[in-house]
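Engineer:
There are 2 protein chains.
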Amino acid sequence: MRLRRSPAVHDRQRDADRTRRALLDAALAEFAAKGRAGARVSVIAERAGVNKQLISYYFGGKDGLYRALVEGWRQHEDEFASRDLPFAEIVAGYVRSSVEHREMSRLFLRECLDDVPPPEQGPSVGPGEAEMADVRRRQQQGEIAADLDPAFLLLALQAAASAGVSFPADVRMLTGLDPASAEFADRYAEQLRRIVARLSAQAEV
Amino acid sequence: MRLRRSPAVHDRQRDADRTRRALLDAALAEFAAKGRAGARVSVIAERAGVNKQLISYYFGGKDGLYRALVEGWRQHEDEFASRDLPFAEIVAGYVRSSVEHREMSRLFLRECLDDVPPPEQGPSVGPGEAEMADVRRRQQQGEIAADLDPAFLLLALQAAASAGVSFPADVRMLTGLDPASAEFADRYAEQLRRIVARLSAQAEV
DNA sequence: CCCAGTATCATCCGAATGGATGATAACGTC
DNA sequence: GACGTTATCATCCATTCGGATGATACTGGG
Chain A
1 MRLRRSPAVH
11 DRQRDADRTR
21 RALLDAALAE
31 FAAKGRAGAR
41 VSVIAERAGV
51 NKQLISYYFG
61 GKDGLYRALV
71 EGWRQHEDEF
81 ASRDLPFAEI
91 VAGYVRSSVE
101 HREMSRLFLR
111 ECLDDVPPPE
121 QGPSVGPGEA
131 EMADVRRRQQ
141 QGEIAADLDP
151 AFLLLALQAA
161 ASAGVSFPAD
171 VRMLTGLDPA
181 SAEFADRYAE
191 QLRRIVARLS
201 AQAEV
Chain B
1 MRLRRSPAVH
11 DRQRDADRTR
21 RALLDAALAE
31 FAAKGRAGAR
41 VSVIAERAGV
51 NKQLISYYFG
61 GKDGLYRALV
71 EGWRQHEDEF
81 ASRDLPFAEI
91 VAGYVRSSVE
101 HREMSRLFLR
111 ECLDDVPPPE
121 QGPSVGPGEA
131 EMADVRRRQQ
141 QGEIAADLDP
151 AFLLLALQAA
161 ASAGVSFPAD
171 VRMLTGLDPA
181 SAEFADRYAE
191 QLRRIVARLS
201 AQAEV
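If you read the sequences in order, they're chains A and B. Letter by letter, the first sequence follows residues 1 to 205 of the working numbering. Letter by letter, the second sequence follows residues 1 to 205 of the working numbering.
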């Protein structure tokens with residue numbers, strides 16, 4: 001009877017998976033807030049409610065924990081593969097995602113700022129060749145004006161979509177909204193939709 | 001004769017001002033690259049070519065040096081007061097500035113990411129009420145479409161203009177250019193000009 | 001009921017870092 | 001040319017942090 005679980009799986013005192021998740025959650029919060037160098041393993045362990053040695057036990061140390069975090073997010077990010085949506089909706093989706101996964105986005109942006117050439121671990125992050133090809137296709141279909149360079153357009157839109165993460169103080173000052181709130185996400189997404197709509201070939205200057 | 005300078009001001013061995021500047025320069029590079037927590041005072045001193053104790057001597061320690069850096073940049077940033085330029089040129093100017101003062105921008109973005117509520121030291125940074133009023137004026141004059149919210153527009157454009165700093169890896173991958181190069185600045189500024197041009201009231205959807 | 005395995009914890013340790021202390025030498029002045 | 005000032009430096013110290021070690025207790029199975 002391998003399936004016979006212990007009487008109370010959910011609240012037993014020793015649970016490796018629960019501990020791992022707790023550590024990952026706490027680490028995400030701490031790393032996102034203080035950065036890779038500023039984060040303290042003792043704080044992470046404290047926040048997770050476990051002994052700090054468990055970080056070494058499960059992840060082999062601070063760096064291992066960080067890597068596990070980045071690793072786990074690389075899978076999460078391929079959820080925007082729905083190329084059939086209008087371009088404005090894709091951008092709006094980026095906005096929503098950056099607000100919903102705020103801490104991950106913050107972590108990611110810190111990684112970008114550090115600008116360490118990733119040790120050849122795939123095509124890294126952000127838009128790539130596929131997205132550029134997609135924009136070119138949309139240009140030919142007239143959804144995007146032909147005089148815009150796909151590379152720079154994607155760059156600008158990705159940066160703009162991340163504004164809630166990269167400029168939270170400006171969000172509060174300019175809009176009076178909480179950059180982590182759904183209201184900000186909704187209204188900002190709508191505004192970016194309008195901007196993107198004006199980039200179509202039909203919208204002539 | 002208080003004006004009598006020593007025979008060789010430029011290459012004398014003890015020069016407080018020169019040392020201060022060297023420390024500030026080195027600190028800018030180090031803080032921008034590694035962040036407030038990751039930066040090492042010994043590295044800064046080494047890069048400046050002076051003893052690390054001089055950091056305490058002149059700035060009262062690591063934090064004081066950082067504060068002096070931020071302080072000195074708050075003055076430098078009010079150089080975009082030329083409200084008479086077309087909006088597209090203002091945005092292009094932001095792009096150029098973020099590339100030319102790359103390290104300052106990087107430092108600034110790190111500060112934003114940390115998102116520590118500034119201890120009431122003025123209206124902080126980035127666009128403020130004045131810029132919003134300016135956008136509203138331009139809307140009334142038809143330079144900017146009326147259905148765009150000035151707050152979100154400024155937010156999106158500031159974030160977009162900073163893309164070379166916030167997403168250097170994407171710049172390389174998408175455009176193949178060096179995000180610190182003048183060529184990137186020029187071409188990206190031109191692309192943002194075209195985007196902004198399409199946001200005018202005349203460019204109807 | 002006991003045992004092996006492992007998840008968890010308390011404690012300790014070496015390394016690194018930021019800052020303090022006192023010595024030193026260059027500079028301006030009389 | 002001698003002296004007080006101060007810019008500069010070599011060295012030391014306290015603290016902090018990450019990680020290692022060994023002890024402990026919970027778990028499931030025989």
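From the three backbone atoms N, C-alpha and C, an ideal C-beta is built for every residue, glycine too. Quantities reported herein were computed from a predicted structural model and do not represent experimental measurements.
Below 8 Å on the Cβ atoms is my guess for B:Phe152 versus A:Tyr188; work out the distance and round it to an integer in Å.
Structural biologist: Confirmed, Cβ separation roughly 6 Å.
Engineer: Which residues in chain B sit within 7 Å of A:Ala151, going by Cβ to Cβ distance?
Structural biologist: Those are Leu174, Thr175, listed as they occur along chain B.
Engineer: Could you give the residue range of the alpha helix (DSSP H) that holds B:Leu153?
Structural biologist: B:Leu153 -> alpha helix (DSSP H) spans 150–161.
Engineer: Would A:Val41 and A:Lys62 be called neighbours here (beta carbons separated by less than 8 Å)?
Structural biologist: Yes, Cβ-Cβ distance for A:Val41 and A:Lys62 is below 8 Å.
Engineer: Count the other C-beta atoms from every protein chain shown that fall within 10 angstroms of the C-beta of A:Gly164, then say buried if there are 16 or more, exposed otherwise.
Structural biologist: Looking at its Cβ environment, which holds 16 or more other Cβ atoms inside 10 Å, A:Gly164 is buried.
Engineer: Please report how far the alpha carbon of A:Pro117 lies from the alpha carbon of B:Lys34, in whole angstroms.
Structural biologist: If you take the alpha carbons of A:Pro117 and B:Lys34, they lie about 14 Å apart.
Engineer: For B:Val43, which option in B:Lys52, B:Ala130, B:Gly60 has the closest C-alpha, if you only look at C-alpha atoms?
Structural biologist: Residue B:Lys52 is the option with its Cα nearest to B:Val43.
Engineer: Between the region 55–72 of chain A and chain B, which residues of the former have CB atoms less than 9 Å from a CB of the latter, in chain order?
Structural biologist: Taking 9 Å as the Cβ-Cβ cut-off against chain B, none of the residues of the region 55–72 of chain A qualify.
Engineer: Under 8 Å between beta-carbons, which chain B residues line up against A:Met104? List them in chain order, please.
Structural biologist: The premise fails here: A:Met104 is roughly 13 Å from chain B at the closest Cβ pair, so nothing lies under 8 Å.
Engineer: Would A:Leu85 be called buried (16 or more neighbouring beta carbons within 10 Å of its own) or exposed?
Structural biologist: A:Leu85 should be labelled exposed.
Engineer: Mapping the DSSP letters down to three states, classify B:Gly164 as helix, strand or coil.
Structural biologist: It is helical.
Engineer: Tell me which residue opens and which closes the alpha helix (DSSP H) that A:Ser98 is part of.
Structural biologist: Element bounds for A:Ser98: 87–100.
Engineer: Just how far apart, CA to CA, sit A:Pro123 and A:Glu129?
Structural biologist: Low per-residue confidence applies at A:Pro123: pLDDT is 47, beneath 50, and the placement is therefore not dependable enough to give any value.
Engineer: Would you check if there are 3 or more beta carbon pairs closer than 8 Å linking the region 134–153 of chain B to the region 189–204 of chain A?
Structural biologist: Segments in contact, yes.
Engineer: Quick check on the DSSP output: the alpha helix (DSSP H) that includes B:Lys62 runs from which residue to which?
Structural biologist: Looking at the DSSP string, the run of the alpha helix (DSSP H) that includes B:Lys62 is 62–76.
Engineer: Are A:Ala47 and A:Arg110 touching if we call contact CB-CB under 8 Å?
Structural biologist: According to the sequence displayed, residue 47 of chain A carries Arg and not Ala. No, they are not a contact pair.
Engineer: On the three-pair Cβ rule with 8 Å, is the region 66–76 of chain B touching the region 176–186 of chain B?
Structural biologist: Not touching, per the Cβ criterion.
Engineer: Apart from the five residues on each side of it in sequence, which residues of its chain come closer than 8 Å, Cβ to Cβ, to B:Leu24?
Structural biologist: Cβ neighbours of B:Leu24 beyond the five flanking positions: Leu65, Ala68, Leu69, Gly72.
Engineer: Can you find the residues in the same chain that come closer than 6 Å, C-beta to C-beta, to B:Phe59, ignoring five residues on each side of it along the sequence?
Structural biologist: Within the same chain, B:Phe59 has close Cβ partners Leu65, Ala68.
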